[in-house]
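First residue of the sequence shown: 1, per UniProt numbering; consecutive thereafter. Built from N, CA and C at the ideal position, the CB exists for glycine as well. Quantities reported herein were computed from a predicted structural model and do not represent experimental measurements.
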Amino acid sequence: MNTIAGKHDASSNIVDISGCDENGRSATNRRSALVASDAEEDDILDLGFLPKSTHRDGSLYRNTHSWKRMYNVDDCSESNFYEARLPDPTDCDIRNGECIRHQPNRVLQIFSLKLAELTLDLGPVELYGYIAVRDYLDTLRNYVVNISRDDPIIVKQGSLIDMAGPKRGIDLISSILVEYDMRIKVGEEERDDYQLIDGVTDIDDVGPWNRALKNRIQGDCGAVDLTIARVDDAVMANIEVAVSEVQSSFHLRLRCFIGGYNEGIRLFNGTVGESRHLKRSVVAVVDGSTLVLKFKAASGPSGSAERCCSFQADTHGLDTQEIKTDFGLISVKVTWSTLRTRLIVGLE
């Protein structure tokens, strides 16, 4: 397996929504509950959820709380905001050799989702539903997972849940909402299914948590763990991977690592049988640090090969690399952008 060298082509509001508690449960006083060193990897922060925020009883859509109106929770549309992915944006404002319009931002990065607990002795289960994030860029759902009941995934306790998103970066300039409704399919009708997790949790940007933290959402039949981090001075890596010249069917696992964090992000884990594009992924990376992609290709239990490629994060630009393997040619394209465009007023 050989790697071909790449090329680089291109040069608040603070909102408190967690103070109310009508039914004895709230998302307040969570962040201070976790004080741990990096060595204490098993520490898990138990996330609360906002009152009157469940889907099955319809309480989420009764607009009795201000946060529901602020984040337009009755609008179930998917976010249509996408950061610019042009390597050379046309609206730059260059001052002293630096673009002051496109600057790094504070972003939330989700590293993984895991089915942490099942309280029912069911073995592998068919899981469906969604987890989405709402931020102040447009307050619409930015899906992390979105699985239909007609096409559930099969997982067991301890399994990672493959993330289909987010499709854009998650702005952490103020509090964000994590909205979820995930169920276990057990019968012919939806009403017979078990509720895994249901509700809304708020996450703010307060506190020294510039490292990956494990957070748990407890539900009726189990729990889901989210590993997340606040990434300051972040730019967005829009990662596109294509596989061509496929010689034979093989299994491919793709993970990425961002500078300063030990946790990896699984971008793809499946079989490649023909030339294809893998899903586009968006990852937050500290400006100037290194993004590393690790590929593991295998045709069976006996033979596998692992290689990696790396890129330096920037506010603009396009990087490409190609990896030749015995199974096919893997082409990687990373387009750099920023999540927000700064409004420049009165600067001459």
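Practice problem: Please report the residue range of the alpha helix (DSSP H) in which Met236 lies. | Solution: Within the sequence shown, residue 236 is the residue found at index 236, counting from 1. Counting along the chain, Met236 falls outside any alpha helix (DSSP H), though it belongs to the beta strand (DSSP E) covering Gly222 to Ser244.
Exercise. Pick helix, strand or coil for Leu60, following the three-state DSSP scheme.
Key: Position 60 of the sequence shown, counted from the first residue, corresponds to residue 60. DSSP places Leu60 in helix when its eight states are reduced to three.
Quiz item: Would Pro166 pass as a contact of Leu127 if the rule is Cβ separation under 8 Å?
Solution: The residue labelled residue 166 in the question sits at position 166 within the sequence shown. The residue labelled residue 127 in the question sits at position 127 within the sequence shown. In this structure, Leu127 does not lie closer than 8 Å to Pro166 by Cβ.
Exercise. Would you identify the three-state DSSP class for Ser77, choosing helix, strand or coil?
Key: By one-based count along the sequence shown, residue 77 stands at place 77. Three-state DSSP puts Ser77 in coil, outside helix and strand.
Exercise. Check whether the Cβ atoms of Gly259 and Thr290 lie closer than 8 Å to each other.
Key: As a first step, residue 259 must be located in the sequence shown, where it is residue number 259. As a first step, residue 290 must be located in the sequence shown, where it is residue number 290. Result yes, Cβ atoms of Gly259 and Thr290 sit closer than 8 Å.
Exercise. Counting only runs of 3+ residues fully inside the stretch 137-169, write out the beta strand (DSSP E) ranges in chain order.
Key: 142-147 and 153-155
Quiz prompt | Inter-residue CB distance, Gly71 and Arg134 (contact presumed, cutoff 8 Å) | solution = Numbered from its first residue, the sequence shown carries residue 71 at position 71. Numbered from its first residue, the sequence shown carries residue 134 at position 134. It is Tyr, not Gly, that sits at residue 71 in the sequence shown. Going by Cβ atoms, the distance from Tyr71 to Arg134 rounds to 5 Å, so yes, they are a contact pair.
Practice problem: Would you grab the beta carbon distance between Val243 and Gly328 for me? Rounded to a whole angstrom, and I think it's under 8 Å. | Solution: In the sequence shown, residue 243 corresponds to position 243, counting from 1. In the sequence shown, residue 328 corresponds to position 328, counting from 1. With 8 Å as the limit, Val243 and Gly328 qualify as a contact, their Cβ atoms being about 5 Å apart.
Exercise. Kindly confirm or deny that the stretch 112-119 and the stretch 218-227 touch, where touching means at least three C-beta pairs closer than 8 Å.
Key: yes
Self-check item: Among Met236, Val286 and Gln312, the one whose alpha carbon lies nearest that of Thr338
Solution: Along the sequence shown, read from residue 1 onward, the residue named residue 338 stands at position 338. Nearest option by C-alpha distance: Met236.
Exercise. Using the Cα positions of Ser304 and Asn269, report the straight-line distance between them to the nearest angstrom.
Key: Within the sequence shown, residue 304 is the residue found at index 304, counting from 1. Within the sequence shown, residue 269 is the residue found at index 269, counting from 1. If I take the Cα positions, the gap works out to 14 Å.
Exercise. Please name the residue in Leu293, Asn146, Gly219 and Glu188 whose C-alpha comes closest to that of Leu254.
Key: The count along the sequence shown starts at 1 and reaches residue 254 at position 254. Leu254 has its Cα closest to that of Leu293, out of Leu293, Asn146, Gly219 and Glu188.
Quiz item: With burial defined as no fewer than 16 other Cβ atoms inside 10 Å of the residue's Cβ, what is the status of Gly48: buried or exposed?
Solution: Counting from one through the sequence shown, the residue named residue 48 turns up at place 48. Its Cβ being crowded by 16 or more others within 10 Å, Gly48 is buried.
Self-check item: Close Cβ partners of Val334 (< 6 Å) along its chain, the five nearest in sequence each way excluded
Solution: Numbered from 1 along the sequence shown, position 334 holds the residue referred to as residue 334. Cβ neighbours of Val334 beyond the five flanking positions: Ala237, Ile239, Phe311 and Asp319.
Quiz prompt | Identity of the residue in Leu196, Ala234 and Val241 nearest Asp220 by Cα | solution = Numbered from its first residue, the sequence shown carries residue 220 at position 220. Of the listed residues, the one whose Cα sits closest to Asp220 is Leu196.
Quiz item: Do you know how far the Cα of Arg276 is from the Cα of Gly222?
Solution: For the purposes of this step, residue 222 is taken as residue 222 along the sequence shown, with counting starting at 1. For the purposes of this step, residue 276 is taken as residue 276 along the sequence shown, with counting starting at 1. Answer to the nearest angstrom: the Cα atoms are 36 Å apart.
Self-check item: Lys214: first and last residue of the uninterrupted beta strand (DSSP E) it sits in
Solution: Residue numbering aside, residue 214 sits at position 214 when the sequence shown is read from its first letter. Looking at the DSSP string, the run of the beta strand (DSSP E) that includes Lys214 is Leu213 to Gln218.
Self-check item: Three-state class that DSSP yields for Arg69 in the structure shown
Solution: The residue labelled residue 69 in the question sits at position 69 within the sequence shown. Note: Arg69 maps to helix in three-state DSSP.
Quiz prompt | Cross-strand partners of Ala305 (DSSP beta bridge) | solution = By one-based count along the sequence shown, residue 305 stands at place 305. DSSP, once it has assigned bridges, lists Ala297 as partnering Ala305.
Quiz item: How many angstroms separate the CA atom of Arg191 from the CA atom of Ala164?
Solution: The sequence position of residue 191 within the sequence shown is 191, counting from 1. The sequence position of residue 164 within the sequence shown is 164, counting from 1. So the alpha carbons of these two residues sit roughly 26 Å apart.
Quiz item: Using CA coordinates, which residue listed in Lys214, Gln157 and Asp150 is at the minimum distance from Pro124?
Solution: Here residue 124 refers to the residue found at position 124 when the sequence shown is read from its first residue. Closest option to Pro124, Cα to Cα, is Gln157.
Quiz item: According to DSSP, is Asp192 helix, strand or coil?
Solution: For the purposes of this step, residue 192 is taken as the residue at position 192 of the sequence shown. Asp192 falls in the helix class under three-state DSSP.
Quiz item: By how many angstroms is the C-alpha of Arg141 removed from the C-alpha of residue 351?
Solution: Any property of residue 351 remains undetermined from this structure, which presents the chain solely from 1 to 348.
Self-check item: Start-to-end residues for the beta strand (DSSP E) that takes in Val133
Solution: Within the sequence shown, residue 133 is the residue found at index 133, counting from 1. Start and end: Val125 to Arg134.
Quiz prompt | Through-space distance from Ala297 to Val73, alpha-carbon basis | solution = For the purposes of this step, residue 73 is identified with residue 73 of the sequence shown, where counting begins at 1. For the purposes of this step, residue 297 is identified with residue 297 of the sequence shown, where counting begins at 1. Computed Cα separation, rounded: 42 Å.
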